[in-house]
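Visitor: Sharing a structure, written as structure tokens. Questions coming.
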Amino acid sequence: MLNFNAPPLKNTAAEPVWKVLIYDRFGQDIISPLLSVKELRDMGITLHLLLHSDRDPIPDVPAIYFVMPTEENIDRICQDLRNQLYESYYLNFISAISRSKLEDIASAALAANAVNQVTKVFDQYLNFITLEDDMFVLCNQNKEQISYLAINKPDIMDTDMEAIMDTIVDSLFCFFVTLGAVPIIRCPRGNAAEMVAVKLDKKLRENLRDARNSLFTGDSMGTGQFSFQRPLFVLADRNLDLATPLHHTWTYQALIHDVLDFHLNRVSLEESAGSEVSPAGARPKKKNIKSYDLTAADKFWQKHKGSPFPEVAESVQEELDTYRAQEDEVKRLKSIMGLEGEDEGAISMLSDNTAKLTSAVSSLPELLEKKRLIDLHTNVATAVLDHIKSRKLDVYFEYEEKLMSKSTLDKSLLDIISDPDAGTPEDKMRLFLIYYITSQQPTSEGDLEQYKKALADAGCDLYPLNYIKQWKAFTKMAAAPANYGNSGVKPMGLFSRVMNTGSQFVMEGVKNLVLKQHNLPVTRILDNLMDMKSNPYKRHLSTTSNSQTPNSTMAKTKELSKDIRNKIVDLHQAGKTESAIGKQLGVKKSTVGAIIRKWKTYKTTDNLPRSGAPRKISPRGVKMITRTETDDYRYFDPKMLRGSESSIPRNKNPFQEAIVFVVGGGNYIEYQNLVDYTRTKQGKKVMYGCSELFNAAQFLKQLSQLGQK
């Protein structure tokens, strides 16, 4: 596009044609994470301006436009034609332009006698933002129009919902046109993800039917010999998992997004103003904002963006120590070069060091770039560390991991909420919502009132809880809580390199936590669909139904209701002893212990079959046992001549490539979890996309607005 929609000529030393780039806010957001100002200049872009800014005529230079085909933008392009601003016009529209708007441009060009100057008009189908090689988000401008809040408003009109779905589908269609592949689509039933899937399937199908104008010219309508190479497209709904977006995290990229201003791969930090005191009555000094681009060219970032923060801090310190050693070596060589009147041995050493110094000088640009990146990550990591220490984020992360993995808690939830030094009101609300979402048994009204009072005393906004209560009741999450896998963290020993006195990072008081690999709900669903495999829980039930399960102690628990059994587990997780639980609920201590042991072993409090007694299962029971969370997912193949309403996949081969897209918003925690999953699966490629990218604070704000409705 930046080369006038012609392929760049390789192996030519010719100067690029100088031109002007004109974009709107949408175009700016698409280009900025991909190309730096230097890279634009290398492509001949001498000037890049916003479409609606005041622009002076440059009559001898061609202009490349990259804009959305909105009414307002078309009017401004027509005005530019009338004003004869540029030598020629290359019009590139982010989404497809309608015929009526194209005719408006043609009429304006005719009236301005500029028909020959409008050189090319292209539909680029680039209505999405690429943040990483394997991550994209739909839009940044007007993102509130397709936000989680917009989709889940209780009073939303059908026409508004249709408009939201159409906006999402238009961007996804652009994504697949750019990818050049027609996917196999899978989605759950009965939510926004299904609406998107139906509309996307229809749009892809209609384009494929029009053989002359199909945008997938490399694909044939039939199921050709390469059909197995097509990617899997998994549509997920944000309501599938509301705990992960609220989770405190521990990896570098996700932490930056959580605690700093990280936007389109650029992080902005407030520079410390120093210890200068302003005179009495004077205006406070305006804080300086320093921005850093975290790009693919930054090797340290590429290597460590998914690493636990303590590991990042140690790596920054190692890089800094290495740089200082190289710098000291250059200084030493310079000092030796200045020697005079030395003996022959010194002169011999001098000639040897001349070669070393020459080598050091030639690597100076690389050394300076290394220093720039070290300074960048030192500043960013220090800012993150300040938040970790001041808000005790390591404590929150560890506690939430235990909640989500149903591990034993070593501290009461009320103690953390009531601790004035542990985090912000927002941190406390996030922690409690994760507890509320992931608890197997609904919290009793008495306990809930106690928690609400503690949260209110801590200054928390309780509106998000109002919405989560409604959401949990509606989705019946109490009966079927999301499974967060065998997650968890383990504390390691003291920090090595960053605990010494000369370190840039004072890590005292921060836990050195190491992540335990586990699959989040979105990753687990993808794994099931990519590999066509069943849920492990299904296999467990099917084997226990026919096996001789040692269950002498567990049989005693069958007279207790499921509510009581789940309550025992919740109290155990809250840190209460077996004796205390027994006294509170009026249950024998031995029975409490048996239930807890069973839950730890099987992750369920359901009564298992008695030893030696085969279970009789009705046909309906068999059907329920053999279901997995993805069995009911709908299946769409846009290449099939007839629409497929089946949930049974036609392709039985495991997929090698997949795209996961979350309708309602995504986050870097899920993205990193998918990256880690892909590393364990040789030959598989996975991309992550979402309708908007939000951090926990932004998501909590949307939940608060929903809770007020």
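Read in my numbering, the sequence shown has 387 at position 402, and its numbers run on one by one without any break. Heads up, the beta-carbon is just placed ideally off N, CA and C, and yes, glycines get one too. Computed from a predicted model, the values in this text were never measured in an experiment.
If the criterion is Cβ atoms closer than 9 Å, does the pair G165 and F201 meet it?
Guide: By one-based count along the sequence shown, residue 165 stands at place 180. By one-based count along the sequence shown, residue 201 stands at place 216. Cβ distance < 9 Å, so G165 and F201 count as in contact.
Visitor: By Cβ distance below 7 Å, which residues in the same chain neighbour E698 in space, the five residues on each side in sequence not counted?
Guide: As shown, the chain starts at -14 and ends at 694. That puts residue 698 outside it, with no answer to give.
Visitor: Using the three-state DSSP reduction, which class does P(-8) fall into: helix, strand or coil?
Guide: Mapped onto the sequence shown, residue -8 falls at position 7. Looking at P(-8) - three-state DSSP - the assignment turns out to be coil, as it is neither helix nor strand.
Visitor: C172 lies in the beta strand (DSSP E); which residues open and close that run?
Guide: Counted from its first residue, the sequence shown places residue 172 at position 187. Taken as a continuous stretch (DSSP letters only), the beta strand (DSSP E) holding C172 covers I169 to C172.
Visitor: Spatial neighbours of S83 within its chain, please: CB distance less than 8 Å, with the 5 preceding and 5 following residues excluded, ordered by chain position.
Guide: Position 98 of the sequence shown holds residue 83. So the qualifying residues of the chain are P54.
Visitor: Determine the DSSP secondary structure at A81, reduced to helix, strand or coil.
Guide: Translated into positions along the sequence shown, residue 81 becomes position 96. Correct three-state label for A81: coil.
Visitor: Are there 16 or more other CB atoms within 10 angstroms of the CB of F640, so buried, or fewer, so exposed?
Guide: Here residue 640 is taken as the residue at index 655 of the sequence shown, counted from 1. Result: buried.
Visitor: So what's I141 in DSSP terms, helix, strand or just coil?
Guide: Here residue 141 is taken as the residue at index 156 of the sequence shown, counted from 1. Of the three classes helix, strand and coil, the one that applies to I141 here is coil, per DSSP.
Visitor: Ends of the alpha helix (DSSP H) at L34?
Guide: Counting from one through the sequence shown, the residue named residue 34 turns up at place 49. No alpha helix (DSSP H) holds L34; the beta strand (DSSP E) holding it covers I30 to L35.
Visitor: Under the rule that 16 or more other beta-carbon atoms within 10 Å means buried, what is L712, buried or exposed?
Guide: No statement about residue 712 is possible, as the shown extent of the chain runs from -14 to 694 and does not include it.
Visitor: Return the CA-CA distance between V162 and L353, expressed in angstroms with no decimal places.
Guide: For this step, residue 162 is matched to residue 177 along the sequence shown. For this step, residue 353 is matched to residue 368 along the sequence shown. Cα to Cα, V162 sits roughly 41 Å from L353.
Visitor: Is it the case that the CB of E383 approaches a heavy atom of the ligand GDP more closely than 8 Å?
Guide: As for the ligand GDP, it is missing from this structure, which has no ligand bound.
Visitor: So what does DSSP say about E0, is it helix, strand or coil?
Guide: Position 15 of the sequence shown, counting from 1, holds the residue named residue 0. Residue state, collapsed to three classes: coil.
Visitor: Could you pull the start and end residues of the alpha helix (DSSP H) that D222 belongs to?
Guide: Taking the first residue of the sequence shown as position 1, residue 222 is located at position 237. First-last for D222: L217 to D222, but that is the beta strand (DSSP E), not the alpha helix (DSSP H).
Visitor: Thinking L66 and A93 are a contact (beta carbons under 8 Å), I'd like their distance in whole angstroms, please.
Guide: The residue given as residue 66 occupies position 81 in the sequence shown. The residue given as residue 93 occupies position 108 in the sequence shown. The Cβ separation is near 5 Å, so the contact holds.
Visitor: Is the separation between the beta-carbon of T119 and that of M515 shorter than 9 Å?
Guide: Here residue 119 corresponds to residue number 134 of the sequence shown, with the count starting at 1. Here residue 515 corresponds to residue number 530 of the sequence shown, with the count starting at 1. According to the sequence displayed, residue 119 carries Asp and not Thr. Result no, Cβ atoms of D119 and M515 do not sit closer than 9 Å.
Visitor: What first and last residue would you give for the alpha helix (DSSP H) that runs through L399?
Guide: For the purposes of this step, residue 399 is identified with residue 414 of the sequence shown, where counting begins at 1. From DSSP, the alpha helix (DSSP H) with L399 extends over L398 to S403.
Visitor: In this structure, does DSSP put P226 in helix, strand or coil?
Guide: Walking along the sequence shown from the start, residue 226 turns up at place 241. The sequence as given places Asp at residue 226; Pro does not occur at that position. Of the three classes helix, strand and coil, the one that applies to D226 here is coil, per DSSP.
Visitor: What is the C-beta distance between V103 and L76, in whole angstroms, given that I count them as a contact (C-beta under 8 Å)?
Guide: Counting from one through the sequence shown, the residue named residue 103 turns up at place 118. Counting from one through the sequence shown, the residue named residue 76 turns up at place 91. That belief holds up - the Cβ atoms of V103 and L76 are roughly 7 Å apart, short of 8 Å.
Visitor: Can you list, in chain order, the residues of its chain with a C-beta nearer than 8 Å to that of L249? Leave out the 5 residues immediately preceding and following it.
Guide: Translated into the one-based positions of the sequence shown, residue 249 becomes position 264. Closer than 8 Å at Cβ, skipping near neighbours: D14, S17, P18, I114, L116 and N125.
Visitor: Which of the three DSSP states is assigned to L678 in this structure?
Guide: In the sequence shown, the residue the question calls residue 678 occupies position 693. Three-state DSSP puts L678 in a strand.
Visitor: When the Cα of N703 is compared with those of K585, C675, K669 and T663, which residue comes out closest?
Guide: What is shown of the chain runs -14 to 694, which leaves residue 703 out entirely.
Visitor: Would you kindly work out how many angstroms separate the C-alpha atoms of M517 and N638, rounded to a whole number?
Guide: If you number the sequence shown from 1, residue 517 lands on position 532. If you number the sequence shown from 1, residue 638 lands on position 653. Distance between the alpha carbons of M517 and N638: 8 Å.
Visitor: According to DSSP, which residues form a beta bridge with F107?
Guide: Residue mapping note: residue 107 aligns to position 122 of the sequence shown, counting from 1. Beta-bridge pairing links F107 to N77.
Visitor: Can the beta-carbon of S132 be found less than 9 Å from the beta-carbon of P449?
Guide: Numbered from its first residue, the sequence shown carries residue 132 at position 147. Numbered from its first residue, the sequence shown carries residue 449 at position 464. It is not a contact, given that the beta carbons lie outside the stated cut-off.
Visitor: Answer with buried or exposed for N127, where buried requires no fewer than 16 other C-beta atoms within 10 angstroms of its C-beta.
Guide: Your numbering for residue 127 matches position 142 in the sequence shown. N127 is exposed by the Cβ-count criterion.
Visitor: With 16 other CB atoms within 10 Å as the buried threshold, where does L659 fall?
Guide: In the sequence shown, counting from the first residue as 1, residue 659 sits at position 674. Its Cβ being crowded by 16 or more others within 10 Å, L659 is buried.
Visitor: Please determine, among V507, T663, T460 and L(-13), the residue with the shortest C-alpha to C-alpha distance to Q109.
Guide: Stepping through the sequence shown from its first residue, residue 109 is reached at position 124. Ranking the options by Cα distance to Q109, first place goes to L(-13).
Visitor: Determine the closest residue to L111 out of D145, M150, V154 and T144, with distance taken between C-alpha atoms.
Guide: The count along the sequence shown starts at 1 and reaches residue 111 at position 126. With distances taken between Cα atoms, L111 lies closest to V154.
Visitor: Give a yes or no on whether the C-beta atoms belonging to L240 and L254 are separated by under 9 Å.
Guide: The residue labelled residue 240 in the question sits at position 255 within the sequence shown. The residue labelled residue 254 in the question sits at position 269 within the sequence shown. No, the Cβ-Cβ distance between L240 and L254 is not below 9 Å.
Visitor: Which term fits I654, buried or exposed, when burial requires 16 or more other beta carbons within 10 angstroms of its beta carbon?
Guide: The sequence position of residue 654 within the sequence shown is 669, counting from 1. Buried, since its Cβ has 16 or more Cβ neighbours within 10 Å.
Visitor: Rounded to whole angstroms, what's the CA-CA distance from N176 to L370? Just pull it up for me.
Guide: Stepping through the sequence shown from its first residue, residue 176 is reached at position 191. Stepping through the sequence shown from its first residue, residue 370 is reached at position 385. Approximately 39 Å between the Cα atoms of the pair.
Visitor: I need the boundaries of the alpha helix (DSSP H) containing T423, first residue and last residue.
Guide: Numbered from 1 along the sequence shown, position 438 holds the residue referred to as residue 423. Residues P410 to T423.
Visitor: Please report the residue range of the alpha helix (DSSP H) in which T115 lies.
Guide: The count along the sequence shown starts at 1 and reaches residue 115 at position 130. Per DSSP, T115 belongs to no alpha helix (DSSP H); it is in the beta strand (DSSP E), I114 to E117.
Visitor: By a C-beta neighbour count over all protein chains shown, 10 Å radius and 16 as the cutoff for buried, is L157 buried or exposed?
Guide: One-based indexing of the sequence shown puts residue 157 at position 172. In this structure L157 is buried. Its beta-carbon is surrounded by 16 or more other beta-carbon atoms within 10 angstroms.
Visitor: Nearest by alpha-carbon distance to D39: which of S424, Q558, K568 and D9 is it?
Guide: Against the sequence shown, residue 39 aligns to sequence position 54. Ranking the options by Cα distance to D39, first place goes to D9.
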